[in-house]
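Q: With mature numbering (1 follows the signal peptide of the UniProt record, and there is no 0) applied, the sequence shown corresponds to residues -28 to -1, 1 to 300, in that order.
Attaching a single structure in structure tokens format; questions to follow.
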Amino acid sequence: MFRTTTRRAMLLGLTMGVGLTLSGSASAQTDYPARPVKIIVPFGAGGVADVTIRIVAEKLSEKMGQRFIVENMPGAGGITAARAALSSEPDGQTLTMLTNGTAVSVPLFANLPFDPLTDFAPISTLGTFDFLFVVNANSEHRTFKELIQTAKNKPGEMNVATIAVGSTQHLTSVLFKGEAGVDFRHVPFRNTPDALVSLIRNDTHLLIDSQAALKSALEGQQVRALATSGPRRSPAMPDVPTVQEAGISGFDVTSWNALFAPKGTPEPIIQKLNATLKEILATEEIKARLLDLGIEARSETPAELTARLRSDIEKWRAVIEKAGIPKQ
């Protein structure tokens, strides 16, 4: 009798102790965030990714009652930012932005020090956007079909500008070359302003970049958009046809920005962030502010974001291998 009573008391005490521990853990996660949250961005201030996350961080701060502080950490193709994020505790207090560029990096870099599919916990996509194919405003080419025909008639004579080798813009040009069956010289630049100058001076004949990066030149009528890279017309530029409409069936480059946390971040925190982002990205205010940058506000579940990342890794792996681009 004594042993039975003692055993019951011990089990009751153990159960209560476990219950208190779980309750405390759940409470801590329900109360998240209890202090300011840092979001590491692998790009410099002022770019499309930086502006996007600052718009979203402002609303996260309002909705969740703590400041979401953006820390810019450019360099090494996003590796610096990823390392910083992964060195932090997986408690939801440090988040990071990964992009379509991350999917490119996996097959492109020989010794990438992290695996985005296994080292990070996906939270949600923030938005998707196309790239624009633009020419000098005085270019003889009025349609993308005309430009393709010129490239076919004069193989190797057209100069196509993008930012750095290995960027998504560069690989978009590689994909375009293969799918359209054309030959041209790729001219890489350190940044968009330098590439724009080359186009305006007619040193290059075509430039591929995001609408946000080209916004001033488009509004100033220095350049003219001939095509967008997505599978359908962009709601930000509905009058501009797609590459597919020019006859390149199946051409689709849709870039994206998304929020991730270090692997091991508690699931209730991931779900709370996902639900809040879904609410924020559905508002007309945020849709309009992002669309002004050429970005479609879009939330996804962690599973959908993982599928998007995995699909893009394999897509760009195939492009890189087919083009024979050496590992960086």
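Even glycine gets a Cβ: it sits at the ideal position worked out from N, Cα and C.
Given the structure is predicted, the values throughout are model-derived calculations rather than measurements.
Flag this pair as yes or no: are the beta carbons of F101 and Q38 separated by less than 8 Å?
A: No; because the gap between Cβ atoms is not below 8 Å, this pair is not in contact.
Q: Going by DSSP, what residues sit across from M69 in a beta bridge?
A: BP columns for M69 point to L231.
Q: Please return the same chain residues whose Cβ sits closer than 7 Å to the Cβ of T144, not counting the five positions on each side in sequence.
A: Excluding positions up to five away in sequence, the list reads F103, I180, S201, V225.
Q: Could you give the DSSP three-state label for N131: helix, strand or coil?
A: Strand, per DSSP.
Q: Tell me the rounded alpha-carbon separation between V154 and I292.
A: Straight-line Cα distance between these residues: approximately 17 Å.
Q: Is there contact here, the stretch 55 to 69 with the stretch 3 to 20, by at least three beta-carbon pairs under 8 Å?
A: Touching, per the Cβ criterion.
Q: In three-state terms, what does DSSP make of F41?
A: For clarity, residue 41 is Ile in the given sequence; the question names Phe instead. I41 falls in the strand class under three-state DSSP.
Q: Give the straight-line distance between the Cα atoms of L(-17) and S139, rounded to the nearest whole angstrom.
A: Confidence is the limiting factor: at L(-17) the pLDDT is only 43, short of 50, which leaves the residue's position unreliable, though a coordinate-based value still follows. Between L(-17) and S139, the C-alpha separation is close to 60 Å.
Q: Considering only the alpha carbon of each residue, which of Y4, E34, N44, F40 lies closest to G19?
A: Nearest C-alpha to G19: N44.
Q: Determine the direct distance from the alpha carbon of P240 to that of T248, and round the result to whole angstroms.
A: Distance between the alpha carbons of T248 and P240: 12 Å.
Q: If you follow the beta strand (DSSP E) that S182 is in, where does it begin and where does it stop?
A: It spans 178 to 182 - the beta strand (DSSP E) in which S182 sits, taken as one unbroken run.
Q: Out of L119, R289, R55, E112, which has the shortest C-alpha to C-alpha gap to D91?
A: Selected option, being the one with the closest Cα: R55.
Q: Grab me the residues of L32's own chain with a C-beta within less than 6 Å of its C-beta, minus the 5 sequence neighbours each way, in chain order.
A: These residues qualify, in order along the chain: F40.
Q: Could you check what DSSP says for T(-24) in three-state terms: helix, strand or coil?
A: Only weak support exists for where T(-24) lies, its pLDDT of 45 falling under 50; the value from the coordinates is given anyway. Three-state result, T(-24): helix.
Q: Under the three-state reduction of DSSP, which class applies to T237: helix, strand or coil?
A: Three-state DSSP puts T237 in coil, outside helix and strand.
Q: Using a Cβ-Cβ cut-off of 8 Å (strictly less than) and excluding sequence neighbours within five positions of T164, which residues of its own chain qualify?
A: For T164, where only same-chain residues beyond five positions count, the Cβ hits under 8 Å are I135, D181, A185, L186.
Q: Does the Cβ of V169 have 16 or more other Cβ atoms within 10 Å, making it buried, or fewer, making it exposed?
A: So V169 ends up on the exposed side.
Q: Could you tell me whether the stretch 195 to 212 touches the stretch 107 to 124, using the rule of 3 or more Cβ pairs below 8 Å?
A: Yes: the two stretches touch, three or more of their Cβ pairs being nearer than 8 Å.
Q: Would you mind listing the alpha helix (DSSP H) stretches within the stretch 58 to 121 that are 4+ residues and don't spill past its ends, in chain order?
A: For the stretch 58 to 121, whole alpha helix (DSSP H) runs of length 4 or above, ordered along the chain, are 72 to 80, 88 to 91.
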